[in-house]
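Under the numbering used here, the first residue of the sequence shown is numbered 323, with each subsequent residue one higher. For every residue, glycine included, the Cβ atom is placed at its ideal position computed from N, Cα and C. The structure presented is a predicted model; accordingly, all values stated were derived computationally and were not measured. Taking it in order: structure first as structure tokens, then the write-up.
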Amino acid sequence: MLNSKIICVAFGTVFLLVGLVGFIPNPLVSSEGIFETNLMHNFVHLLTGAAFLFGSVILEGKEQATLKTVTAAYFGVALLGFFTSGNMLLGLVHINEADRWLHLGQALAFGAAELRPVQSAARFRARASL
């Protein structure tokens, strides 16, 4: 069973990688990719990754709070995206239709991770050593 720390580290690592890949021209995450990004959008990915890692490594024991916070933020971003008629979120972050749905999916995934049964790190280590 995964604990919240592992989940936050996994999400954080993925977001850091996506943020870095966004700076390299590619067909998936770029200014002309399936998920259209700009410089600010790439920084948001890096910031999200840092938030997950900060919440799991520096704020030991606050992983659930980190998941709740990022879940709320991404639901807000998803809603803003669906109510934005153009391709700029708050005039800063470039988005497209694929981004709108991805943000909603991410919010749901973060929420599902937050709502799953919590297993303490000590209990996780004890079970892993069996």
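By the 10 Å Cβ neighbour count, where 16 or more other Cβ atoms means buried, how is residue i classified, buried or exposed?
i      : result
Phe405 : exposed
Ser378 : buried
Leu411 : buried
Ser353 : exposed
Asn325 : buried
Ile417 : buried
Identify the continuous alpha helix (DSSP H) that holds residue i and give its terminal residues.
i      : result
Gly433 : Glu419 to Leu437
Ile380 : It is not in any alpha helix (DSSP H) - Ile380 carries neither H nor E in the DSSP assignment.
Output yes or no for whether 8 Å exceeds the beta carbon distance between residue i and residue j.
i      : j      : result
Phe397 : Phe374 : no
Thr393 : Gly371 : no
Val399 : His425 : yes
Val302 : Val343 : This structure cannot speak to residue 302, because the chain is shown only from 323 to 452.
I need the DSSP call for residue i, collapsed to helix, strand or coil.
i      : result
Ser352 : strand
Leu324 : coil
Leu411 : strand
Phe404 : helix
Phe345 : coil
Please tell me whether, using a cut-off of 7 Å, the distance from the CB of residue i to the nearest non-hydrogen atom of the ligand NAD is below it.
i      : result
Met410 : As for the ligand NAD, it is missing from this structure, which has no ligand bound.
Check: Three or more beta-carbon pairs under 8 Å between the stretch 360 to 369 and the stretch 409 to 423, yes or no?
Finding: yes
Checklist line | Three CB pairs or more closer than 8 Å across the stretch 430 to 441 and the stretch 382 to 392 | finding: yes
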